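These protein sequences, in sequence, are chains R and L. Per the working numbering, the first sequence starts with residue 1, numbered consecutively. Per the working numbering, the second sequence starts with residue 1001, numbered consecutively. The structure appears below as structure tokens.
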Amino acid sequence: MELVNAYTKKRSSFGRQPLFCEQGPALCDSVPSDPAAQRGYVLRNPVHQPVQHGPRTSAHTVNTARAEYTTTGSNHAEGGWPKDVNVLDPEATQRYRRKIEKDENYIHCAMSLSPGMDHYVMQNNAIDMYQTYYTELAAQPPLERCSVRTVNVYRDPLAGGGGGGGGRPVSSVAWTPDGAGFAVAYAAMDAHLAPRAPLDAFVWDAESAARPAQTLRPPATLLDLQCSPRDVHVLAGGLASGQVAVWDRRRGAAPAGASPPHAAHRELVRGVLFVNSKSGREFFSGGPDGVCKWWDMRDLSAPTDEMIVDVVHSSFEAQSRARALGVSVLEYEPTIPTRFMVGTENGLVVGGNRKGKTPTEKLPAQFEAHFGPVRSLERNPSFLKNFLTVGDWTVRVFSEDCRESAVLWSPPQRRRVTAAAWSPTRLSLLLALQADGRLAAWDLLRRQHEPALAVRVSVEPLLRIKMHDGGALAACGSGAGHVYMVELAQSLVQSDKNDKALLTAVLERESRRERVLEARARELRLKLRQAEEGSAAASEEPPDERALADAAAEYAALVRRELAAL
Amino acid sequence: MAQEEDEEDFTFNVEEVQNIVRDNIEFCLGGNIYSHSRTPQWISVITEKTLARLNKLNKPFKYIMRMTVTQKNGTGLHTAAAYFWDITTDGTCTVRWENKYMYCIVNIWALALQL
């Protein structure tokens, strides 16, 4: 309430002193009481009177100034327009452009930017960014994928007849020389060598797995059947009776000729192999009686040659049948005509020479291969000095130079290894079959401690394998009488360019190692023998000491003489 | 005459002041029921208006204003005042206003400014 009373007064008219006097109490106001009015009011009881004693606070909110965001995209076909210029309006853009061009700095900017731009434009024109380069270079060879798949199964049509479920175990598989078919011999024999099942052997056509192309009927169980390398229709087989028989497919199922029992082997014939000859009709056979006989198909009445497999170390000893080692597998390489190899039932591999005159010349080499009979024996098609043997639970590779031991060998497998074969096309590959039906492909250049690939081909044990000359197919015969046609992946079929050199190096290295070990072993043996001989002549020790003392005394005397002479 | 005007100027005009006060009370309290909580507000309004108008009279007086608002519920009220002043120059004025629910008594004392 701003009340101001401003006044002016002359000094002369300043008021006189107040003349105070008392004025008695005067009534200001009087209101009489009126009880009647009270009846209009009622005493308020209770009266709610809130009392609050506390700090008085107030709420106050403050926020910072909010920034407004907008998201816009820019089309940089022509960028940098300021916000206020409407890009779609050609007049506005023209105006803006003219304004910029009139700017002083514009010329300088443009001049400094243009050389850089020139450089990049010319670079761009020189190189085409979107062209595909390096199309003319060959693609990298893909990672090696080894695989093996069963292409076909040729089931024994006579299976189920003979004893016990499965069928007749396959005793031999052989491809015909044209590679279009293969001959299979089945042998189901009991302990007395009497056949349990029908004796028929079949020639299958590789294309049709439903039925065999031809049946051959041997007089006894056929244990080995081979096709002649020259003639498609001629086959030779070894029988369980010890005889050998020859078939001509054109003539029919019965053998075209068989050897008489007295001229044949004394026990069953385990292996038959065709030999290199002008007519292509000569073959040789071997069996557990320990004798190898050579036959000519035109006259099977008597063998043309025979050799007792009995290794003798001196030329004075004669070979005797009693000591001969039973033959379990034969090996012959057509390019080395006079030499052959024999795997025995003792686990020895004996190299033979037909042209030898004395027994030592006839069986020059002997290798100790396995603990049981040698099941497979084959030379490497490119490295003829090296051959593989399959025996107890291992696969071994031998070199003819190292007589003492194998050059390479696989670690003992879980199950017996029943057969193996080299691949004709891939130098370092060998396929081995196991008694649990698995096919193991061993590639000596990849890994030597385990197979490069192991696949289970069948449930029953696999017994025989024969590779097709093309190298991609392999026929595996099983214990149930089925033949599985297995196809190898391309990486397992082909050899690379360096493979030969590399494999040579590998085999060279291994054989050198073996030779070194052999030499060392020989030295040790020599030393041992010398030590034994040396212990008999112990009295030579004192003369040595005496000689030493004498020499020392002589020297001392000489020195003294010289010194005295000085 | 100038002297009379001066004298008029120096004396306290009871009528005029009563009219002023009565107008203000009427304006503020007219027709209201007595409300204890609103009374301070009424009083402040009335005093402000009254003193403003008294000041506008431009008279050389000190004013003292006392206001009493009483609820009409049967109580009695008696006020009196005694003075020791200069009878010729100073004066007093009392206004009593009432409606159905309350009384309003306003005392104005005007004391002359000697200087």
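The beta-carbon is built from N, C-alpha and C at its ideal position, and this holds for glycine as well. From a predicted model like this one, the values you see are computed outputs, not experimental measurements.
- Among the bridge pairs identified by DSSP, TYR1103/L is matched with THR1070/L and GLU1098/L.
- Straight-line spacing of the CA atoms in ASP544/R and GLU532/R works out to 20 Å.
- ALA264/R places its beta carbon less than 9 Å from that of SER241/R.
- Judged by DSSP in its simplified three-state form, GLU104/R adopts helix.
- The residues GLN226, VAL246, VAL272 and PHE283, in chain order, have a CB closer than 6 Å to that of ALA236/R in the same chain once the five nearest residues on each side in sequence are set aside.
- In the DSSP assignment, TRP422/R falls within the unbroken beta strand (DSSP E) covering 417-422.
- By the neighbour-count criterion, in which a residue is buried when 16 or more other Cβ atoms sit within 10 angstroms of its Cβ, CYS476/R is buried.
- DSSP places PHE1010/L in the helix class (H, G or I) of the three-state scheme.
- For PRO255/R and HIS482/R, the gap between their C-alpha atoms comes out near 24 Å.
- Between the alpha carbons of GLU306/R and ARG145/R lies a distance of about 48 Å.
- Residues GLU333 and PHE387 of the same chain have their beta carbon placed closer than 6 Å to that of ARG379/R, with the five preceding and five following residues left out of the count.
- For the pair of segments examined, the stretch 287-299 of chain R was found to touch the stretch 311-330 of chain R: the number of CB pairs separated by less than 8 Å reaches three.
- Each residue's CA atom was taken as its position, placing HIS119/R and ASN86/R some 33 Å apart.
- Residues of chain R with a Cβ closer than 7 Å to the Cβ of ARG1096/L are, in chain order, ASP29.
- Every beta strand (DSSP E) stretch that sits fully inside the stretch 228-269 of chain R and reaches 3 residues is listed by chain position as 234-239 and 244-248.
- Counting along the chain, LEU158/R sits inside no alpha helix (DSSP H), nor does DSSP assign it H or E at all.
- 9 Å or more divides the Cβ of VAL350/R from the Cβ of THR358/R.
- Under the DSSP assignment, ASN152/R falls in the beta strand (DSSP E) whose first and last residues are 148-154.
- With distances taken between CA atoms, LEU1111/L lies nearest to PRO1060/L out of THR1068/L, ARG1096/L, PRO1060/L and VAL1069/L.
- In the three-state reduction of the DSSP assignment, TYR130/R falls in the coil class, being assigned neither a helical nor a strand state.
- Taking the CA atoms as reference points, PRO1040/L sits about 26 Å from LEU1057/L.
- ARG529/R and PRO451/R have their alpha carbons spaced roughly 42 Å apart.
- Listed along the chain, the chain L residues whose CB falls inside 9 Å of the CB of SER33/R are GLY1074, THR1075, GLY1076 and LEU1077.
- Between the beta-carbon of VAL244/R and that of TRP175/R there is about 20 Å, and that puts the pair past the 8 Å contact cut.
- Comparing C-alpha distances from ALA302/R to each of GLY534/R, PRO260/R, SER147/R and LEU429/R shows the shortest one belongs to PRO260/R.
- Fewer than three beta-carbon pairs drawn from the stretch 1081-1090 of chain L and the stretch 41-48 of chain R are found closer than 8 Å, and the two stretches are therefore not classed as touching.
- In this chain, VAL42/R is not harboured by any alpha helix (DSSP H), its DSSP state being neither H nor E.
- Residue nearest to ARG512/R within the set VAL417/R, GLU404/R and ASP200/R is GLU404/R (criterion: CA-CA distance).
- By the criterion of at least three beta-carbon pairs nearer than 8 Å, the stretch 1064-1080 of chain L is in contact with the stretch 1095-1106 of chain L.
- Boundaries of the beta strand (DSSP E) around THR215/R: 214-216.
- If you draw a straight line from the Cα of ARG561/R to the Cα of SER535/R, it comes to about 42 Å.
- Here DSSP, grouped into helix, strand and coil, assigns ARG529/R to helix.
- Judged by DSSP secondary structure, GLU368/R falls within the beta strand (DSSP E) whose first and last residues are 365-368.
- Cβ-Cβ distances below 7 Å link PRO218/R to LEU199, ALA201, GLY237, LEU239, ALA245 and PRO255 in the same chain, with the five nearest sequence neighbours on each side left out; the list follows chain order.
- Residue state for HIS1078/L is assigned as strand, using DSSP reduced to three classes.
- Setting aside the 5 residues that flank it on each side, GLY372/R is surrounded in the same chain by GLY347, GLY391 and ASP392, each with a C-beta closer than 7 Å to its C-beta; the list follows chain order.
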